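K.L.:
FYI, my numbering numbers position 219 of the sequence shown as 217, with every residue one higher than the one before it. Glycine is no exception: its CB is placed at the ideal position from the N, C-alpha and C atoms. What you are looking at is a predicted structure, and each value in this text was computed from that prediction instead of being measured. Take a look at the following structure, please.
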Amino acid sequence: MSSNDWRFNVLLEEPANIGSPAEPGTRCARAHRSEIVLEIVDTWDQFENLRDDWDRLIAAAGAGPQVFQKHSWIWHWWRTFLGPAQRPAIVTGRRYEQLVLVVPLVAESRFGVRTLSFMGDPVSQYSDIVCDREAVSSADVLAGLTLAARAVGADLLDARRVREDGALSALLQGEGARVTDVQIAPAMNFSDIDSLADIDGRFSGRMRRNRRKKRNRLLEAGEVSFRIVGEGAEALEIVERALELKTGWLAHHGIVSKAFADARFGDFWRSVAGVGDHAVGLTASVLELDDQPIAIELGLRHKSVHCAHVGAFDIAFENLSPGTAQMDALFEACIADGIESYDMLAPADSYKQRLADQFVQVRDFVLPLSAKGRACDLLRLTEGRIIAKAAMNGLPPSLRKLVKSALGV
């Protein structure tokens, strides 16, 4: 898609052009001078009816990191996270009745400002659109965003965690959207790796010796086993244990996690694990010591890409580095299964950088859509969450614990 015909600000410059929110459940418009028929999907029944077409589109045109744009992923998010103050505004585009475009948006008002954002927050690690690039032009995407903004009376578009190599990034940059945060998503390319020894070769001799010592100490501690589980009853048990371990680790280090503090986060993963007829590609990998899980990763697989989403280990065994052992076993499994890329997701923590050989920028964008939105953006009101999180996590662990206790998080 060329960015030359992307004119989002022109079409949405004046608040009068946006109008008041339309009634839910209404078909809204046809893209101007295009074969693409656009519609706003904002009811559960409409969304459910999209499943087969959506699945076909992402199977044909979706990329590996777009696991977070799968219908099944958003299905779990909708039933666990969507609140009464939020309104779905999924843009669909059809060409000759065939679905060729999906833009999964949701609207919410805060402090009198109506914001459009991408469905999936806080569990989705990337925001993007799904489209058949042979059939959909940037003008069609523009018209769809225009349609959604008018339908809900939006003042701002808030697009978080947009990969620089995704379909959405170039369009937002071309339209002058402001970048509010930049992170790096590290990944490992497995396409030319044959074994764990190839990965060990990336470390210095000293680090390799330390890794071997830790592996041996773990083996001496008891019987070590490893397994991978997909959706189902067994995965549900693993999810519960992973949430327990991660919550304990966060509390131990006094780290604030808005996502984990929200009960819906756990409900989401329970839904993912337990509802097999809406499978997302859950890959729960478990390292056990004497049949007790001591390190777990809740990962996702889509189109030969493995996304490492939630990692947790038992702090009682921290000196044995169970997380490292679990990752090593998972790497071997990924190589054996033909996985081409292991995406460690943002942020680029030091241990990820030591392993990674691929790095992709992930940006947050804000684009004003009205005078109110421009004022909000000018005052940098959208950066509050980023500044607060950075300030909190910059405190010493003991002080973080005191602040968390006072705030009740």
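Exposed or buried, E46, counting other C-beta atoms within 10 Å across all chains shown (16 or more means buried)?
P.N.:
Sequence index remark: in the sequence shown, residue 46 carries index 48 (1-based). By the neighbour-count rule (16 or more Cβ atoms within 10 Å), E46 is not buried but exposed.
K.L.:
For the beta strand (DSSP E) that R92 lies in, which residues bound it at each end?
P.N.:
By 1-based counting over the sequence shown, the position of residue 92 is 94. Here the beta strand (DSSP E) through R92 covers 88 to 93.
K.L.:
Under the three-state reduction of DSSP, which class applies to A165: helix, strand or coil?
P.N.:
For the purposes of this step, residue 165 is identified with residue 167 of the sequence shown, where counting begins at 1. DSSP places A165 in coil when its eight states are reduced to three.
K.L.:
In its own chain, which residues sit with a C-beta less than 6 Å from the C-beta of D375, not counting the 5 before and 5 after it?
P.N.:
The residue you call residue 375 lines up with position 377 of the sequence shown. Answer for D375: V364, P366, listed in chain order.
K.L.:
Taking only runs of the alpha helix (DSSP H) that begin and end inside the stretch 31 to 60, which ones reach a length of at least 4 residues, in chain order?
P.N.:
List check, alpha helix (DSSP H) in window: 42 to 47, 49 to 59.
K.L.:
Hey, which unbroken runs of the alpha helix (DSSP H) at 4 residues or more fall wholly within the stretch 256 to 313?
P.N.:
Counting whole runs of 4 or more residues, the stretch 256 to 313 contains the alpha helix (DSSP H) stretches 256 to 259, 261 to 272.
K.L.:
For my contact list, P184 and A354 are in at a C-beta cut-off of 8 Å; report their separation, rounded to the angstrom.
P.N.:
On the sequence shown, position 186 is the one that residue 184 refers to. On the sequence shown, position 356 is the one that residue 354 refers to. Yes, P184 and A354 are in contact; Cβ-Cβ is about 3 Å, under 8 Å.
K.L.:
Is the separation between the beta-carbon of Q359 and that of V98 shorter than 8 Å?
P.N.:
Start at 1 with the first residue of the sequence shown, and residue 359 comes out as number 361. Start at 1 with the first residue of the sequence shown, and residue 98 comes out as number 100. No. Outside cutoff.
K.L.:
Less than 8 Å between the beta carbons of L234 and R210, yes or no?
P.N.:
Against the sequence shown, residue 234 aligns to sequence position 236. Against the sequence shown, residue 210 aligns to sequence position 212. No, the Cβ-Cβ distance between L234 and R210 is not below 8 Å.
K.L.:
Among Q324, V35, A57, which residue has its Cα nearest to the Cα of E95?
P.N.:
Taking the sequence shown and counting its residues from 1, one reaches residue 95 at position 97. The option with the nearest alpha carbon to E95 is V35.
K.L.:
Is it the case that the Cβ atoms of T138 and S32 are separated by a distance below 8 Å?
P.N.:
As a working mapping, residue 138 is identified with position 140 in the sequence shown. As a working mapping, residue 32 is identified with position 34 in the sequence shown. The sequence given here has Asp at residue 138, not Thr. It is a contact, given that the beta carbons lie within the stated cut-off.
K.L.:
Buried or exposed: where does Q356 fall if 16 or more other Cβ atoms within 10 Å of its Cβ makes it buried?
P.N.:
In the sequence shown, the residue the question calls residue 356 occupies position 358. Answer is exposed; the Cβ neighbour count stays below 16.
K.L.:
Applying the 10 Å Cβ sphere with the 16-neighbour rule, what's the burial state of Y349?
P.N.:
Here residue 349 refers to the residue found at position 351 when the sequence shown is read from its first residue. It is exposed - the Cβ of Y349 has fewer than 16 other Cβ atoms within 10 Å.
K.L.:
Among D196, A219, R372, which has the Cα closest to the Cα of Q290?
P.N.:
Translated into the one-based positions of the sequence shown, residue 290 becomes position 292. Here the closest residue by C-alpha is A219.
K.L.:
What separation, rounded to the nearest whole angstrom, lies between the Cα atoms of R91 and S122?
P.N.:
Against the sequence shown, residue 91 aligns to sequence position 93. Against the sequence shown, residue 122 aligns to sequence position 124. The sequence as given places Gly at residue 91; Arg does not occur at that position. When rounded, the distance between both Cα atoms is 22 Å.
K.L.:
Buried or exposed for P320, going by 16 or more other Cβ atoms inside 10 Å?
P.N.:
Numbered from its first residue, the sequence shown carries residue 320 at position 322. With 16 or more other Cβ atoms within 10 Å, it is buried.
K.L.:
In whole angstroms, give me the CA-to-CA distance for L260 and L377.
P.N.:
Translated into positions along the sequence shown, residue 260 becomes position 262. Translated into positions along the sequence shown, residue 377 becomes position 379. The question names Leu, but residue 260 is Asp in the sequence shown. Answer to the nearest angstrom: the Cα atoms are 28 Å apart.
K.L.:
Counting pairs of Cβ atoms below 8 Å between the stretch 291 to 307 and the stretch 271 to 282, do you hit three or more?
P.N.:
Touching, yes.
K.L.:
With DSSP collapsed to three states, give me the class of I384.
P.N.:
In the sequence shown, the residue the question calls residue 384 occupies position 386. Because I384 carries a pLDDT of 46, less than 50, the predicted location of this residue cannot be relied on, and no value is offered for it.
K.L.:
For D156, does the count of other Cβ atoms within 10 angstroms reach 16, so buried, or fall short, so exposed?
P.N.:
One-based indexing of the sequence shown puts residue 156 at position 158. So D156 counts as buried.
K.L.:
Between which two residues does the beta strand (DSSP E) holding Q181 run?
P.N.:
Here residue 181 corresponds to residue number 183 of the sequence shown, with the count starting at 1. Where Q181 is concerned, the enclosing beta strand (DSSP E) stretches over 176 to 187.
K.L.:
According to DSSP, F357 sits in a beta bridge with which residue or residues?
P.N.:
Counting from one through the sequence shown, the residue named residue 357 turns up at place 359. According to DSSP, which records beta bridges pairwise, F357 is partnered with P184.
K.L.:
Could you tell me the distance, in whole angstroms, from the CA atom of I385 to the CA atom of F66?
P.N.:
Along the sequence shown, read from residue 1 onward, the residue named residue 385 stands at position 387. Along the sequence shown, read from residue 1 onward, the residue named residue 66 stands at position 68. Here the model assigns I385 a pLDDT of 42, short of 50, so the residue's position is not dependable, and the following value carries that caveat. In a straight line, the C-alpha of I385 is about 26 Å away from that of F66.
K.L.:
Count the other CB atoms, across all protein chains shown, that sit within 10 Å of the CB of H251; report buried if there are 16 or more and exposed otherwise.
P.N.:
The residue labelled residue 251 in the question sits at position 253 within the sequence shown. By the neighbour-count rule (16 or more Cβ atoms within 10 Å), H251 is not buried but exposed.
K.L.:
Return the residue from the list I337, F315, E286, A277 that minimises the CA-CA distance to A306.
P.N.:
Within the sequence shown, the letter at position 308 stands for residue 306. Selected option, being the one with the closest Cα: I337.
K.L.:
Taking its Cβ as the centre, do 16 or more other Cβ atoms sit within 10 Å of A404, making it buried, or is it exposed?
P.N.:
For this step, residue 404 is matched to residue 406 along the sequence shown. For A404, the predicted model reports a pLDDT of 46, less than 50, meaning its position is unreliable and no value from the coordinates is stated.
K.L.:
Can you tell me whether DSSP reads R200 as helix, strand or coil?
P.N.:
Along the sequence shown, one-based indexing puts residue 200 at 202. Coil, per DSSP.
K.L.:
Answer yes or no: do S368 and Q324 have a C-beta to C-beta separation smaller than 8 Å?
P.N.:
Within the sequence shown, the letter at position 370 stands for residue 368. Within the sequence shown, the letter at position 326 stands for residue 324. No, the pair does not count as a contact, with Cβ atoms beyond the cut-off.
K.L.:
Give me the DSSP bridge partner(s) of D156.
P.N.:
Walking along the sequence shown from the start, residue 156 turns up at place 158. Answer is S115, V364.
K.L.:
How is the alpha helix (DSSP H) around D375 delimited, first residue to last?
P.N.:
The sequence position of residue 375 within the sequence shown is 377, counting from 1. Start and end: 369 to 376.
K.L.:
Please state whether the Cβ-Cβ distance between T113 and D362 is less than 8 Å.
P.N.:
Looking up residue 113 in the sequence shown gives position 115. Looking up residue 362 in the sequence shown gives position 364. Contact: no.
K.L.:
Specify the secondary structure class of E316 as computed by DSSP and reduced to three states.
P.N.:
As a first step, residue 316 must be located in the sequence shown, where it is residue number 318. If DSSP states are grouped into helix, strand and coil, E316 belongs with the helices.
K.L.:
Where DSSP assigns a beta bridge to I226, which residues make up the other side?
P.N.:
The residue labelled residue 226 in the question sits at position 228 within the sequence shown. For I226, which the question treats as bridged, DSSP gives the partners S283.
K.L.:
What residues are listed by DSSP as bridge partners for A105?
P.N.:
Walking along the sequence shown from the start, residue 105 turns up at place 107. According to DSSP, A105 bridges with R85, L114.
K.L.:
What's the gap between the Cα of S160 and the Cα of L140?
P.N.:
Taking the sequence shown and counting its residues from 1, one reaches residue 160 at position 162. Taking the sequence shown and counting its residues from 1, one reaches residue 140 at position 142. Checking the displayed sequence, the identity of residue 160 turns out to be Val instead of Ser. One C-alpha to the other measures close to 17 Å.
K.L.:
Look at the alpha carbon of E286 and the alpha carbon of E242, and state the distance between them as a whole number of angstroms.
P.N.:
For the purposes of this step, residue 286 is taken as the residue at position 288 of the sequence shown. For the purposes of this step, residue 242 is taken as the residue at position 244 of the sequence shown. Each residue's alpha carbon lies about 15 Å from the other.
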